[in-house]
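The next block holds one structure in the form of C-alpha cells; read it before the comments.
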Amino acid sequence: MSTQQLTSLFGSRLSSAYNQLRGDLGAPQTATDTIGKLVDKIQTSAAVEDRRTAVLGLKGLSRDWKEDVGRRALPSLIAVLEHDAPFDSEIARATLETLMQLCETVEKPTKDDLGLFFTDAFLEVPKPLHSLVNLISASPSFYPRYFAVQFLIQLTTARPTVAQSYIMSSPPPGIDGILAVLDTKSPSATPSMMGGGAAEMLRNEALLLLPPMLSGNQDLQKIVAFSGAFEKLFQIIDQEGGADGGIVVQDALAAVACLLRFNVSNQNYFRELTLIPQIPRILGFPASLPADEPTPDEFALQYWSDQKIHNTGLVLGLIRMLVGGPGGGNQNAMVSSGVTRCLLELSLASNAPPSIKSQCLSTLTPIFTASSTNQDLLSSLLVSPLLAVQADDEHPGGGFVRVPAKPAVEALVASIIDGDPTTGGKGLKARAAGVNMFEAYLSSNDEGRITILSTLVTSVADNLNIDPASNAGSLILSGVLELPHSSITPSFDPYRPLFSCLLLSHLIRNSEHAKKLAREISFPSGDTDPDHDPDSAIEVEEDKIPLLQLVVGNLMLASREQAESVNRAARNGGAEATREEEEWTRVMVGYLALLCTWLWDSPKSVKEFLSESNNLQALIQPITQNTSIDPLVQGLSAFLLGVCYEFNREPGEITRATLHPILHSRIGPDQFVSRMARLREDPRFRAVQPDEFELTSLLNGQPLMGEEEEEDMEVWFDWAFVDFWKNHYYTIQRSIAIDPDAPRNAPPADDTETAAIIMSLRSKLKTQTDEVTNLTNKIESLQKEAKGEKGQLIEEVESLSSQVASLSTQLGESVKRTEKLEGELDTLKQSYADLEKTAAATQSTATELESVKEELKQVKEAHEKASSELSLAKLSAKGREGKFKDLENKVKKLEEELEEAVKAKEVAGAGAAAGDGASKVEEEVRKLEEENKKKDEELKKLGEEAKKREEEAAKKEEVAKKQEEEAKKKEEEWNIKQKEWEAQVKAREDRVKQLEENSKSSEQKAKSAEEKTVILESKIKELEEKFATAASAPTLTPAETTGGSNKQAKKRAAELDAKVKELEASLAAEKTKREEEAKEHEDLLVLLDEVTGKRARDKQLMKEKGLEVSEDEEGEDEE
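For the sequence shown, counting from 1, position 865 maps to 865 in the UniProt record's numbering; every step adds exactly one.
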C-alpha cells in the first residue's frame, strides 16, 4: 500500500468521524443525538483530551437537558470518576460539576424528583462514593478535592443513611482522609499545588460536610470522634478567635454538636480529653480565675455582634448536652473547669443581650439540679452586676456602671423580680429561665431553702419597712406584698408579683417545715406603715396579720381591681382597659398558684386559710361567676377550693361538713369539674412545657429570639406548677365525692354489700370444687378397670402407627427423589438450551474466522507485492550506483587528459614554431572541456535521481515493515481465537458427555423408584388387611369400657384409615409423576440425539474450514 493510499485512508476515517459527530449537512442536530455522540466519545476515545472535551460538553447540556444527560451519560461519568479523575484534575473537576448538577434537588424534594433519582443511581453500589472519598485525600489539585467535598455534602444530605454506610466501609484513608482536610498545617491537607487560602477554603467545606455526614449515625460519630475530630475542631475554634470568630467558628461548633448530641460515648470521651476547661476560653472568660477575684471588665463589657451571639448560643447548647441530667459526672467537671462561674458572670454581671442571658440561665438549670458543689458555688459567689445609665454630666456617653458586689443568689432573685438592670427591666425570657434555675438551686438543697426563708423572717422581725435591696428574702416579700393603690400605673410591672409568688412557691413546695416558717411570718396591723393601703381588704382586728392572710388580701384587692377594669372596658372600651384587665388577671393567677402550692398537703395551713370566712367567699365567687372572669382564675379557684376540702383535717369553724354542701349544692360537681377541665384545655396552660432544647434551631441557622419577638411573649405559669397541677388534678376531682365524715383513705360506703357478695361467691366456688374432686375420683377408678383392655388396643394402634410412620418416611424419600429427578431434568433442559446457544456462537465464530483468513490473505499479498517492489528498487539502486562509479572513472580520465592537454599547450606556447600543432591541441582541449561539463551535469542528475530512489525505497521498506507487523498481530489474534474456540468446543463436548451420564443415572434412579413403588403398594395392601381384621374384631359394650377407651380406639382406627387413604392418593400421584418423568426422559433422549448430530455437523464444518479435530473426538463421534 503506497503512502498516498494510507493518507487518503486516514483522511477518510477522520472526515467520517467528524461527520458522525457533526451530523448530516443541512439537517439540525437534536440534543439527544449530541448527548449520545458525546457518551460514545467518552466510551470509545483513547485520548484523555477527547474524553475531557466530551465531559465538558455534557456539563453544558446538563443544565437544560438534565434528564437526558442523566439517563444516558451517568454510567459513563461514573466510569470517568473512577478511572480518569485521580490522574487528571481538569476532567475530575468537569465530571464532579456535571454530577452535582444531575444530583441537585430542590429544598423539599418529592418522590419523583430527578435529583433524587440520579442520587440513588449514583449510590446504587459503594464503589463510586469510595472513589469520591479517595479523591478528597489523593488528588494533588484544589478543585477536584473542593468539588468532591461539595458533592459529598449533596449526597449525605439527600440520602444520609446509604451515604453514611458507604463512608464507613470506604478503604483507607477513608474517614481519616476527610478529617485530614481540617488540619490546614498537615502535609496531607496542603499539597504542593495548593496555597494556604485554598486549604482554608477546603477546610471550611469539610466543616459543612460533618453535620450531614454524622447526623443520626452513632457508630460513625464514634469513629470520627476517636479519629481526633474533637482536637482538630477545637484547634480551628482557637485559631479563629473563639466566639468572636466568624462563620467558621459557627460551623466548627455545629460539627462538635453533631458529635455530642444523643451520644453518651462521645460525651464521656469528650470529658476524658479534658476539653471542658477550654469552653470558658472560647467565651472569653479567664481560664484560671480565683473565686475571690472579681471578673475583669473585658469579659463583663463586650461587643455583641449577631455572629458572636449565634456562636455563644452554640457553645451553651454544647454545655447543655454535656450536662445531660442530674447525677452525671459532668456536673462536677463544670465547677472545676470554671464553666459554672463563667455562665453565672455572663448571665448576672455582664452586658450580654437578653437572649444570651436566658440561654445561660437555662444551661445552668441542669448544672445546679441536685448538685451540691454547684449549689455551694452559687451560695458563696459574689458578683457585681452592671447597671445601665443614661447620658448625664457624670456619664456623658451613658453606658454601664458596676454596682457593689452582692451575693449571686440575691442578684439572681433581683434579676427575676425586677428584670435585667442592663436592659431597663426587660428580658421576660431571661426572668422565666431564672425561675427554673432558682428551682434547680433549691432541689435537694434544704440548707439553701432554710437560709432564704430565715432571711424572710429576720427581715420582718428587724424592720417593719422592708428594704427591697437588703437580701433575697426581702426581695421576694416586697414583690409578693406590694401592689398599687388603684389602677395599674405605667411604672407598675404585673410580672413582679407573679414571679415573686412563683419564687415563694418553690421555697415552700413539698416541705412542711418551710410552710411552717412561712406561716410564722406576720406583720403588725394598723397604720404604722406610711405606705399602708387604706383600701386593703384586711381587717385590722388583731395585733399581727400572718403572711398567708396578706396574700389572700392582695388576691381580693387584685380581684376587685380586675372587676373595675372590666367595667371600665365595657363603658369606655379601648385597648388600655383590656390591657389592665389582663394584667390584673395575671396578678391573680400568681397569688392563686402560690396558695395552691402552700395549702397542698398542709392541714394547718388550710385551717389558717379558712379561719377567715371572707377567704372562702373569695374562691366561690369566681367559680360561680359566668361572665367577666378569666377561665384561668376560675379553674385555679376551683382547684384551691378542692384542696381546702381534701386537706381540711384540723378542727375549726369551717369543717369538711361545711364545705360539702357548698361543693354539691351551691357550685355542683359538674360545674366544679368543668372549671378545672377548662383550665386544663386552656391554650395558655397547655403551652407551658419544660425547657426546650434550643440547639436544634441554632444548628439550622435560625437566630435566637430578638427583642421584638420577646415583647410579644407572655408568662402565666412555670413548668413546676403545671406539672404539680396535672399530677394532682384527678385527686382533687375525686375528693369531692368522698363523704365529709369518712376517715381519710377509707373505702366507699357500699363496701359491706360488696364483701357479702364476695363471700357468697366464694362458698359457691367451694361447693363446685368439691363436686369436681368427687367426679375426678370416679374417673380414676373407671380408668383402672379399663386399663387392661386399653393396653391391648394401644399396642395394636402403636404397631399400626409404626407401619404408617415407616410408609410415610418411604413416601417422603420417594418424593425427595422425584424432586431431585425434576431438578436434573431442568438442568438437562438448560444444558440443551446452552448447547443451542453454543452452536449459534460456533457458526458466528466460523464466519469471523473466514473473514479473518481473507483479511490475512490480502495482507500477505500486499506484503509480497511490497517486498517485490522493494527488491526491484534495491536492484535499480545498485545499477545506478554502478553507473555512477563508471561516470566518476570517466571524469577522472577526462581530468587527466585535460591536464596533459594543458601541459602540451604550455609546451607549444614556449616553442613559437609549432603553429598548426598548437591549434589542433587547443581544439581538442575545448572539446574535452565541453564534454567534461556535460558529464558533470549528467552526474548531478544521476545523483539526484539516486537520492529520490533511495528515499522511495526507504518509505517502501517502512510500509512493508508495518504491514508485516500487522500481519503478525492478526496471525497471533487468529491463533488466540482459534485456541479459545477449540477450548470452548472441548468444554461443550465434555458437557454433552456429562449430560449423557446424567441421563443414564436418572434412568437407573427411575427404575429403582418404580421398584420401591411396587414394594410400597404391597405394604399398603398388608396394612389394609391388618386394618380390616382389626375393624372386624368385636367391640366392648359401654358398660365394660365405661364409654371412654372404646371411643378412643375407634377414633384412632378412623385416623389410621384416613392415613391409608392419604398414602394411596400419594401413591397414585407418584405413579402419574413417574409416567410424566418417563415421557420427559424420552424427550431428553431425543434432544440428546439431536445435540449429538449437531455436534457431528459442527466438527465436519470445522474440518471444512481447515480447523484441526483430535482423533479422540473423531473416535467418540464414531462411537
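For every residue, glycine included, the Cβ atom is placed at its ideal position computed from N, Cα and C.
Only a predicted model underlies this, so the values are computations on that prediction, with no experimental measurement involved.
Measuring alpha carbon to alpha carbon, tell me which of Asn266, Ser215, Gly245 ends up nearest Ala229.
When only C-alpha atoms are compared, the closest one is Asn266.
Gly242 and Ile282 look like a contact to me (Cβ under 8 angstroms); what is the Cβ gap, rounded to whole Å?
Between Ile282 and Gly242 the Cβ distance is about 4 angstroms, and since that is below 8 angstroms, they are a contact.
Scan the segment 189 to 248 and note each continuous alpha helix (DSSP H) run of 4 residues or more that stays entirely inside, going in chain order.
Fully enclosed alpha helix (DSSP H) runs of 4 or longer: 196 to 214, 218 to 226, 229 to 239.
Between which two residues does the alpha helix (DSSP H) carrying Gly60 extend?
Looking at the DSSP string, the run of the alpha helix (DSSP H) that includes Gly60 is 48 to 61.
Could you give the distance in angstroms between the alpha-carbon of Glu796 and the alpha-carbon of Leu775?
About 30 angstroms.
If you draw a straight line from the C-alpha of Gly427 to the C-alpha of Ile629, how long is it?
Distance between the alpha carbons of Gly427 and Ile629 is about 29 angstroms.
Could you give the DSSP three-state label for Leu825: helix, strand or coil?
In this structure, Leu825 counts as helix in the three-state DSSP scheme.
From the DSSP output, in three-state form, read off Lys657 for me.
The sequence shown places Ala at residue 657, not Lys. Three-state DSSP puts Ala657 in a helix.
Measure from the alpha carbon of Asp493 to the alpha carbon of each residue in Trp584, Val722, Ala563, then state which is nearest.
It is Trp584 whose Cα lies nearest to the Cα of Asp493.
Out of Leu210, Leu259, Ser380, Asp306, state which residue places its alpha-carbon closest to the alpha-carbon of Glu293.
If we check each option's Cα against that of Glu293, Ser380 comes out closest.
Between which two residues does the alpha helix (DSSP H) containing Lys37 stretch?
From DSSP, the alpha helix (DSSP H) with Lys37 extends over 31 to 44.
Taking only the alpha-carbon atoms, compute the straight-line gap between Tyr730 and Phe672 and give it to the nearest angstrom.
In a straight line, the C-alpha of Tyr730 is about 12 angstroms away from that of Phe672.
Could you check whether Ile508 and Ser525 sit closer than 8 angstroms to each other, using their CB atoms as the reference points?
No, the pair does not count as a contact, with Cβ atoms beyond the cut-off.
Does the Cβ-Cβ distance between Asp113 and Thr105 come in under 8 angstroms?
Cβ distance < 8 angstroms, so Asp113 and Thr105 count as in contact.
Check this for me: beta carbons of Ser139 and Ala180, under 8 angstroms apart or not?
The answer is no: Cβ separation not under 8 angstroms.
Report the option in Asn975, His130, Arg93 whose CA atom is closest to the CA atom of Ile167.
Among Asn975, His130, Arg93, the Cα nearest to that of Ile167 is on His130.
Going by Cα to Cα distance, which pick from Asp770, Lys127, Arg341 is closest to Pro171?
Pro171 has its Cα closest to that of Lys127, out of Asp770, Lys127, Arg341.
With a Cβ-Cβ cutoff of 8 angstroms, do Leu483 and Leu557 count as a contact?
In contact: Leu483 and Leu557 (Cβ atoms closer than 8 angstroms).
Could you check which residue in Lys108, Leu132, Lys865, Cys103 has the C-alpha nearest to that of Asp120?
When only C-alpha atoms are compared, the closest one is Cys103.
At what residues does the alpha helix (DSSP H) containing Phe270 begin and finish?
From DSSP, the alpha helix (DSSP H) with Phe270 extends over 264 to 272.
If we count Cβ pairs, one from each stretch, closer than 8 angstroms, do we get three or more for the segment 27 to 46 versus the segment 89 to 97?
No, because fewer than three Cβ pairs between the segment 27 to 46 and the segment 89 to 97 fall closer than 8 angstroms, the two stretches do not touch.
Out of Phe523, Ser637, Val566, Arg519, which one is the CA nearest neighbour of Lys607?
Answer by Cα proximity: Arg519.
Who pairs with Ser522 in a beta bridge, going by DSSP?
DSSP, once it has assigned bridges, lists Pro546 as partnering Ser522.
Using DSSP with H/G/I as helix, E/B as strand and the rest coil, what is Lys406?
Reduced to three states, the DSSP call for Lys406 is strand.
Kindly indicate the opening and closing residues of the beta strand (DSSP E) around Ala388.
Taken as a continuous stretch (DSSP letters only), the beta strand (DSSP E) holding Ala388 covers 386 to 389.
Answer yes or no: the CB of Ser454 versus the heavy atoms of the ligand GTP, is any distance below 7 angstroms?
Ligands are entirely absent from the displayed structure, and the ligand GTP is therefore not among its contents.
Residues in its own chain within less than 8 angstroms of Thr34 by CB, not counting five upstream and five downstream?
Gly57, Leu61.
For the candidate residues Gln858, Thr157, Leu481, whose alpha-carbon lies nearest to that of Glu966?
The residue with the shortest Cα to Cα distance from Glu966 is Gln858.
Taking 8 angstroms as the limit between beta carbons, can you name the residues of its chain near Leu209, skipping five residues before and five after?
Answer for Leu209: Val149, Leu152, Ile153, Thr156, Ile178, listed in chain order.
Chain C beta carbons: is any one of them nearer than 8 angstroms to that of Pro211?
Among the chains of the structure shown, chain C does not appear; only one protein chain is present.
Using the three-state DSSP reduction, which class does Leu301 fall into: helix, strand or coil?
Note: Leu301 maps to coil in three-state DSSP.
Nearest by alpha-carbon distance to Ala638: which of Glu298, Ala618, Thr274 is it?
Ranking Glu298, Ala618, Thr274 by Cα distance to Ala638 puts Ala618 first.
Pull up the distance between the alpha-carbon of Ile356 and that of Ala433, whole angstroms please.
Cα to Cα, Ile356 sits roughly 11 angstroms from Ala433.
Using only the alpha-carbon positions, how far apart do Asp670 and Arg678 sit?
Roughly 12 angstroms between the two C-alpha positions.
With which residues is Val383 paired in a DSSP beta bridge?
DSSP, once it has assigned bridges, lists Lys406 as partnering Val383.
Which value, in whole angstroms, describes the spacing of the CA atoms of Leu825 and Ala1065?
Cα to Cα, Leu825 sits roughly 25 angstroms from Ala1065.
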